[in-house]
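Under full-length UniProt numbering, the first residue of the sequence shown is numbered 1, with each subsequent residue one higher.
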Amino acid sequence: MRPSRKHYGKYLVFALTVTTGLLVSMVGVARYFTPNEYYVKRGNQLQWDSQWISLEDPYNEGDLPAGTATSSNETYRAELMLFHTVPVKTVDVKVVEDREVALCGTPFGIKMFTNGVMVVGVADIQGEDGTANPGTDAGLEAGDIITALDGHPVNRNEEIAQTMETSAGKPVKITFLREQESMETTLLPVRSKVDGTYKAGLWVRDSTAGIGTLTFYDPSTQEFAGLGHGICDTDTTELMPLRNGEIVPVTINGVVKGQKGAPGELRGYFNTDVPMGTLHANLDQGVYGQLNSGAVEEQKLAGDTVCVAMKQEVQAGAAQILTTVDGGEPQFYDAVIEKISYHDTESSKNMVLRITDPTLLSTTGGIVQGMSGSPIVQDGKLVGAVTHVFVNDPTRGYGIFAENMLGTCQSVLGEVETTAA
């Protein structure tokens, strides 16, 4: 029995409804998971390496699609399209000069002192009148940054202890930062029954040290970028505010191989007290600073100079990482970029990387702690840096776009230069 025309009409309406719903859903997903801003190199066409997403210029502001972007620092609008047909959203496109950087893949040590003192925990104090917790009573929490006591700036743990002792039990006004907002509270120190001194009941930290990998430096300015993620406190996981710091040479003398559920690590030692550079910023996208005079030659940092790829140039597929896993020189190892995320909120987890090189897998098991910042190279361009390892699969981890690191480096160090002037 053949369906009637009436039934055909119902089928058609149903099919159109499903198709429309699916299309609306795909537009919503594309709008949410794609950036609102793009960079295109002067002299190049704006392209998106995707079969179902394209960037077009219906406003003809960037000489597209017929030509190329010609004027550096020009900003124009483009339309993000689904299947080259359905508009998703209007985005901003900025024309930039092609930038070349020197690849590193070199391990380095970090010595960093915080701007203020970070609260990493609170503790009970056994006082003469019983147990008290002055930190909790004052409303302080792990992750707070104490910046001043009674109006006097503080940057060291000892200053906290000294102020509490000299208070003789009188209230102390505390100025602190919580999620970048300045706040004030009053803390009443408690006299310890154990040693007779006045205490705040706070665990605090004012410095940190560790090992990471330099990603690149600019040969013309000696500005460097490394890690690809920020330095966070081990207890609070909060980004540590930088007061000052330096990087020093490191010799890798051992590897703890990564296993499922147990991340491995590079082991090494700071082999000199002479710094190779000064830290200027600790941000979600990495650490940034200035190499000292002569550091490139002394530490043999002069690697290959390559172009930095824009995020829309990065493709799923074969790549290499440049890293150092023993006391020798940085070496390239094979890897595969499995997945790319363009979401604006992901500052350091822009791609999923899998190590495929048999030599590296046999030595480290994949990605280990200390390899953060190792450059990711694809088609002769710097596309990103290793940032994290998957705890349950050390062969895989996250990477950050090189574009994100370069943009942050230029912005941060430009501000430093402006301030210094």
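Beta carbons: idealized from backbone N, C-alpha and C, even for Gly.
Exercise. For residue 174 versus residue 146, is the C-beta distance shorter than 8 Å?
Worked result: Contact: yes.
Problem set entry | For residue 249: DSSP bridge partner residues | The beta-bridge partner set that DSSP reports for residue 249 consists of 108.
Problem set entry | Residue range of the unbroken beta strand (DSSP E) whose run includes residue 172 | Residue 172 -> beta strand (DSSP E) spans 172 to 178.
For this session: Could you tell me which residues DSSP pairs with residue 375 in its beta bridges?
Result: Paired residue(s): 385.
For this session: Going by CA-CA distance only, name the one from 74, 236 and 184 that's closest to residue 122.
Result: When each option's Cα is compared against that of residue 122, the closest is 236.
For this session: For the beta strand (DSSP E) containing residue 321, list its first residue and its last residue.
Result: Run containing residue 321: 317 to 323, per the beta strand (DSSP E) assignment.
Problem set entry | Among 275, 387, 42 and 357, the one whose alpha carbon lies nearest that of residue 97 | Nearest option by C-alpha distance: 42.
Exercise. Taking DSSP as the reference, what is the three-state secondary structure of residue 165?
Worked result: Per DSSP, reduced to three states, the secondary structure at residue 165 is helical.
For this session: Using a threshold of 8 Å, state whether the C-beta atoms of residue 439 and residue 389 are closer than that.
Result: Beyond the ends of the chain as shown, which are 1 and 421, falls residue 439; an answer cannot be given.
For this session: Hey, could you find the ends of the beta strand (DSSP E) residue 306 is sitting in?
Result: Run containing residue 306: 305 to 308, per the beta strand (DSSP E) assignment.
Problem set entry | Neighbourhood of residue 150 by C-beta, 8 Å cutoff - its chain only, sequence neighbours within 5 removed | In chain order, 163, 172 and 173 place their CB closer than 8 Å to the CB of residue 150, counting only its own chain and leaving out the 5 sequence neighbours on each side.
For this session: Measure the C-alpha to C-alpha separation of residue 113 and residue 251 and round it to an integer number of angstroms.
Result: If you take the alpha carbons of residue 113 and residue 251, they lie about 22 Å apart.
Exercise. Going straight from the alpha carbon of residue 158 to that of residue 205, what length do you get?
Worked result: Going from the Cα of residue 158 to the Cα of residue 205 covers about 10 Å.
For this session: Please go through the stretch 252 to 305 and give each complete beta strand (DSSP E) segment of 3 or more residues, from N-terminal end onward.
Result: Qualifying beta strand (DSSP E) stretches, in chain order: 265 to 270, 277 to 283 and 286 to 291.
For this session: Under 6 Å Cβ to Cβ from residue 400, same chain only, skipping five residues before and after it: list those, please.
Result: Around residue 400: 228, 348, 350, 384, 385 and 387.
Exercise. Under the DSSP definition of a beta bridge, which residues are partnered with residue 230?
Worked result: Bridge partners of residue 230: none, in fact.
Problem set entry | Contact between the stretch 189 to 207 and the stretch 119 to 137 (3+ Cβ pairs under 8 Å) | Yes, since at least three Cβ pairs between the stretch 189 to 207 and the stretch 119 to 137 fall closer than 8 Å, the two stretches touch.
Problem set entry | Where residue 100 sits in the DSSP three-state scheme | The answer is strand: DSSP assigns residue 100 an E or B state.
Exercise. Under three-state DSSP, which class holds residue 90?
Worked result: Reduced to three states, the DSSP call for residue 90 is strand.
Problem set entry | Residues of its chain near residue 378, where Cβ-Cβ distance is below 8 Å and the 5 sequence neighbours each way are ignored | Excluding sequence neighbours, residue 378 sits near 309, 314, 315, 317, 318, 319, 320 and 337.
Exercise. Does the beta-carbon of residue 374 have 16 or more other beta-carbons within 10 angstroms, so that it is buried, or is it exposed?
Worked result: That one is buried.
For this session: Have a look at residue 108 and residue 360 and give me their C-alpha separation to the nearest angstrom.
Result: The alpha-carbon atoms of residue 108 and residue 360 are separated by roughly 20 Å.
For this session: Can you give me the start and stop residues for the beta strand (DSSP E) that residue 80 sits inside?
Result: Segment 75 to 82, the beta strand (DSSP E) holding residue 80.
For this session: Compare the C-alpha of residue 138 against each of 117, 130 and 176 and name the closest.
Result: Nearest option by C-alpha distance: 176.
For this session: Measure the C-alpha to C-alpha separation of residue 334 and residue 277 and round it to an integer number of angstroms.
Result: Their backbone Cα atoms lie some 30 Å apart in a straight line.
For this session: Kindly indicate the opening and closing residues of the beta strand (DSSP E) around residue 147.
Result: Here the beta strand (DSSP E) through residue 147 covers 145 to 149.
Exercise. Quick one: what does DSSP say residue 153 is sitting in, helix, strand or coil?
Worked result: When secondary structure is reduced to three states using DSSP, residue 153 falls in the strand class.
For this session: Give the straight-line distance between the Cα atoms of residue 258 and residue 170, rounded to the nearest whole angstrom.
Result: Spanning the two alpha carbons is a distance of roughly 51 Å.
For this session: Using three-state DSSP, classify residue 158 as helix, strand or coil.
Result: Helix.
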